[in-house]
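So the structure is just underneath, and the comments pick up after that.
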Amino acid sequence: MDKNSLIINLMDVTFAYPGGAPVLDELNLQLHQGERMGLMGPNGSGKTTLLHIIMGLLKPSSGNIEIFGKTVRQEKDFRSVRQRIGLLFQDADDQLFTPTVLEDVAFGPLNLGKSQDEARTVARKTLASLGLTGFEHRMTYKLSGGEKKLVALATVLAMEPEVLLLDEPTAGLDETTEKRIIDILKGLDLAYILISHNIDLLMEATHRIGYMIRGKVSVDEERIPHTHIHIHEHGRYAHKHGLKWPDKKY
Amino acid sequence: MIVKEFAAGDSLIQRLDPRVKIVVATLFSVVVAVSTQWVVLVLALALGFCIVQVAGVPMKELIRRLVPVNGLITFLWFFLPFTFEGESLFSIGPLVATREGVYYVARISIKSNAIMVVLITLIASTSIFTLGHAMYELGIPKKITHLFFFTYRYIHVMHHEYLRLVNAMKIRGFRPRTNMHTYKALAYLVGMLFVKSYERAERVYNAMLCRGFRGRLYSLSQFSMKTIDIIFLILMLAVILGLVVLEWTRIA
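Here the protein sequences line up with chains A and B, keeping their order. Reminder that position 160 of the first sequence reads as 813 in this note's numbering, one-by-one numbering, no gaps. Reminder that position 134 of the second sequence reads as 131 in this note's numbering, one-by-one numbering, no gaps.
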């Protein structure tokens, strides 16, 4: 892909928490326009740290970050980045901080200088697009886990970002809600980086998958055709293949 | 523990400009707090109940909120009458209750209830976000406004965190006793709560930065002084001024 379509470009980025070993060690990562990238890796491998570095919440000790073709270094540079990149936090409770849903969703647009009417309209529209009509005046701290996640997603989408960084958006959610969120993500016309431990989910919702280990991201894009051995566990009885029980996954 | 607002209602009081409410509630509280004249205090309490009537606050709600305050005051009734010097009223064993002591507690009781009633009706009838914004508009320092807002919002979260920790202790058989183990466990609990609050605060702040926060809270509601606001403001200022005059000139 050409350089113009590059949205996020991390070059040799190193970061360590005070007194610790480097979490990111000369890490390189590129995200292009419209690209959907999955990110997995063991707990503590630095996936969340990586997203926070991109948003400028943490400052790397060395390396270069280019976002939308511009080098970003200081708080001032990151302010404009945050208008165009939305980060969905792991814990929705961190993201929702106003008493009512509508106020929370309107918080971002108001910060971006929209008028009260505009902010309200955007907030309502975003909520409606996520199937959350009627949630406007619900108390944020009384929502269920799944509802909180969806509202948190609404607060990010209301800022009309060009890129999304999603930190385990479906962790701890039931299958129905998980599917709902993945369908929403796939329906968006946005580039995103999606962190998850669920490989099936990543394969469905992303174009390529990076694996994070020892402070680096490695991407395996090779297509590997392979076969599986099929076992008849209960003798030589003939049976149909590909039959799915409702509670069993193949 | 948690303050639940009843901001959804639509009475005359609830529709008032929040700035007016803050100004009136603050002035009223200060004047009542420093007053000593009986007539002023009783009038203030009466005024408080008038506002309650106009606001249409359900009696049950009001009482539920007044109970904690009066619990504390009941406590004072047990002690203060016996610790003041003055004319003896009655005695229990070696303890002598004085007239001055009783008067003193009675004043405190009336003052606190009058102030609480007004605060409940005026302040609790406003959504916290609007209130924060109104404080900002009134020129109250940004830091105080934010402190106020986040304290309100995160009392709830901290309370949950606390309950989670307590449960975690309970399921492992913790029962508070008078021994070192208990003190240590409770100290850990408090310490953990501090650490967790700090970290939570940091994450929330980061989340806000990501959504373009630059130190100002905006509100979705537009403030506009209407005729009714001005009438209410003038009326209340006049009444409060009346209380001040009564107190100072000691007419009664």
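The beta carbon of each residue, even a glycine, is placed where N, CA and C say it ideally should be.
| request: Spell out whether any CB of chain B is found under 9 Å from the CB atom of A:F788. | output: no
| query | Between the C-alpha atoms of A:K839 and A:E821, what's the straight-line distance to the nearest angstrom? | reply | 15 Å
| Going along the chain, which residues of the stretch 753 to 768 of chain A sit with their C-beta nearer than 8 Å to a C-beta in chain B? | T753, L755, E756, A759, F760, G761, L763, N764, L765
| field | Pairwise C-alpha distance: B:L38 and B:L206 | value | 47 Å
| field | Those residues which DSSP pairs with B:E58 across a bridge | value | Answer by DSSP bridge pairing: none, since B:E58 is not bridged.
| Interface partners of A:Y794 on chain B, CB under 9 Å | R150, H153, V154, H157
| Residues of the stretch 160 to 184 of chain B with Cβ closer than 9 Å to any Cβ of chain A, in chain order | none
| Leaving out the 5 sequence neighbours to the left and right, which residues in its chain are closer than 6 Å to B:L24 when beta-carbon positions are compared? | I237
| field | Interface partners of A:L740 on chain B, CB under 7 Å | value | C207
| Would B:K201 count as contacting chain A if we go by Cβ distances under 9 Å? | Contrary to the premise, residue 201 of chain B reads as Val rather than Lys in this sequence. Yes, B:V201 counts as interfacial toward chain A.
| message | Within 10 Å of its beta-carbon, does A:D746 have 16 or more other beta-carbons around it, so buried, or fewer, so exposed? | response | buried
| Based on the DSSP secondary-structure assignment, which residues constitute the bridge partners of A:N662? | A:Q683, A:E719
| message | I'd like to know if A:L710 contacts chain B, where contact means its C-beta is closer than 9 Å to some C-beta of that chain. | response | Chain B contact via Cβ: present.
| field | Residues of the stretch 798 to 819 of chain A whose Cβ lies closer than 8 Å to any Cβ of chain B, in chain order | value | T808, V809, M812
| Nearest neighbour of B:A278, chosen from B:K108, B:A103, B:S109, B:F76 [CA to CA] | Not covered by the structure: residue 278 of chain B. The range shown for chain B is -2 to 249.
| How close, in whole Å, do the beta carbons of A:S714 and A:A674 come, if the pair is a contact with beta carbons under 8 Å? | With 8 Å as the limit, A:S714 and A:A674 do not qualify as a contact, their Cβ atoms being about 12 Å apart.
| Buried or exposed: which applies to B:T118, given that a residue is buried once 16 or more other Cβ atoms fall within 10 Å of its Cβ? | buried
| field | In chain order, each alpha helix (DSSP H) run of at least 4 residues that lies wholly inside the stretch 835 to 865 of chain A | value | 852 to 858
| task | Out of A:G691, A:Y864, A:I707, point me to the one whose CA is closest to A:D730's CA. | result | A:I707
| request: Output the distance between the C-alpha atoms of B:R150 and A:H879, rounded to the nearest integer angstrom. | output: Roughly 54 Å separates the two Cα atoms.
| query | What residues from chain B crowd round A:D746, counting only those whose CB sits closer than 7 Å? | reply | Within 7 Å of the CB of A:D746, the CB atoms of chain B belong to V154, in sequence order along the chain.
| query | Interface residues of chain A around B:Y204 at Cβ under 7 Å? | reply | Just to set this straight, residue 204 of chain B is Ala in the shown sequence, not Tyr. Correct list: F742, D747, Q748.
| Cα-Cα separation between B:E196 and A:F721, rounded to whole angstroms | Here the alpha carbons of A:F721 and B:E196 stand approximately 31 Å from one another.
| From which residue to which residue does the beta strand (DSSP E) around A:G691 run? | Boundaries of the beta strand (DSSP E) around A:G691: 689 to 693.
| request: Output the distance between the C-alpha atoms of B:A103 and B:E158, rounded to the nearest integer angstrom. | output: Cα to Cα, the separation comes out at about 39 Å.
| field | the stretch 134 to 144 of chain B touching the stretch 81 to 92 of chain B, judged by at least three CB pairs closer than 8 Å | value | no
| message | With three or more C-beta pairs closer than 8 Å as the rule, is the stretch 746 to 758 of chain A touching the stretch 766 to 780 of chain A? | response | yes
| If A:G784 sits next to A:L826, beta carbons under 8 Å apart, how far is it from one beta carbon to the other, in whole angstroms? | A:G784 to A:L826, Cβ: 15 Å. No contact.
| A:K869 (DSSP reduced to helix, strand or coil) | strand
| said: Distance check for A:Y864 and A:T823, CA to CA, integer angstroms please. | reply: 18 Å
| field | Complete alpha helix (DSSP H) runs within the stretch 128 to 171 of chain B (minimum length 4 residues, chain order) | value | 139 to 167
| Where B:A4 falls: helix, strand or coil (DSSP) | Confidence at B:A4 is low in this model, with a pLDDT of 45, below 50, so the placement of that residue is unreliable and no value is reported for it.
| Rounded to the nearest angstrom, how far is the Cβ of B:I19 from that of B:A52, given a contact under 8 Å? | No, B:I19 and B:A52 are not in contact; Cβ-Cβ is about 15 Å, not under 8 Å.
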